[in-house]
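A short write-up of the structure that comes next.
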Amino acid sequence: MTVTGPRTRLAVWGSPIAHSRSPQLHLAAYAALGLDWRYERREVGAERFDESVASLDDTWRGLSLTMPLKEGAFRIAVERDRRAELTGAVNTLLLGPGGPRGVNTDVGGLVRALGDAGVRAVETARVIGAGATASSALVALSELGASRVDVLARRPDAARGLVVLGSRLGMDVRARPLGEDPATLADVVIGTLPGGAALAEKDADAALTDAPVLLDVAYSPWPSALAERQRLRGGAAVSGLGMLLHQALLQVRFFANGDVDEPLAAEDDVLAAMRAALMGD
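Per our numbering, residue 62 is the first one in the sequence shown, and the count goes up by one each step.
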């Protein structure tokens, strides 16, 4: 493991941030690794992001970013991974004298969470919502082999950027209105709406048609309205806690090793400690 220098402070920033469960996950990981690192929450809005980063001293190792800071983090990162470049979003910054390095661990979190649900290969899929998380969902589906994805949105025009992203990924991505009968079957549906978002039952049922698995990135409240409809249909509904867990593990890799692809020492034990912290909260 590569851990150097006095940089022992980390935090999750965003607005709102009080609900974030990242501190439990990260502190459990660092305890399992024997690292005496601090990890806290901080309320930071987009308008204060640049000055807040500039104010950090050399005791700071890195930042986890949630909304509305992912685009700002993308902008200031001097180096970005492929997933960040594709989505235009950075949710993790590793700080250092050469400037902040940025990665997107949301994509990997989705891929791993789908794998936990038994979804390791995808041909066709649906994504509900056209926001920033939908971009990560498209990249994750591309990595799982998807060739056709329907993006379901209240305003299909809002999904034009996702159609362009799909083209870059070599996928046939089509924007369709919520509630429209699906044009194709789907191996999986990924819901990217906030947990409390209202969704008419008829719209949910149309989106879930014939899909054996729903992964809803929401996890509070749970089950979400979308998950309830999926369960009533007899399908599997997976909460966003798995995505949260796995994207955090990739962040810990980045903070400890400088590389999201380099496993941690005793990583199975670290993941178990993080999972226990998440479930015990």
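Glycine included, every Cβ here is placed at the ideal spot set by N, Cα and C.
Inset, instruction - For the beta strand (DSSP E) containing residue 314, list its first residue and its last residue. - result: Element bounds for residue 314: not the beta strand (DSSP E) but the alpha helix (DSSP H), 302 to 318.
Legend entry - Continuous beta strand (DSSP E) stretch holding residue 221: start and end: That residue, residue 221, is in no beta strand (DSSP E); its alpha helix (DSSP H) goes 221 to 229.
Inset, instruction - Can you tell me which of the three DSSP states residue 341 falls into? - result: helix
Inset, instruction - Would you mind reading off the limits of the beta strand (DSSP E) that contains residue 151? - result: Taken as a continuous stretch (DSSP letters only), residue 151 belongs to no beta strand (DSSP E), as it is neither H nor E.
Legend entry - Cβ-Cβ distance between residue 260 and residue 286 below 8 Å: yes
Inset, instruction - Output the distance between the C-alpha atoms of residue 74 and residue 125, rounded to the nearest integer angstrom. - result: 6 Å
Legend entry - Residue of 331, 275, 336, 338 minimising C-alpha distance to residue 93: 331
Inset, instruction - With a 10 Å radius around its C-beta and 16 neighbouring C-beta atoms as the bar for buried, classify residue 248 as buried or exposed. - result: buried
Inset, instruction - Please state whether DSSP places residue 111 in a helix, a strand or coil. - result: helix
Legend entry - Close Cβ partners of residue 291 (< 7 Å) along its chain, the five nearest in sequence each way excluded: 269, 275, 298
Inset, instruction - Note down the Cα distance separating residue 85 from residue 335, rounded to an integer number of angstroms. - result: 8 Å
Legend entry - Nonlocal neighbours in the same chain, by C-beta distance under 6 Å from residue 214, ignoring five residues either side: 191, 220
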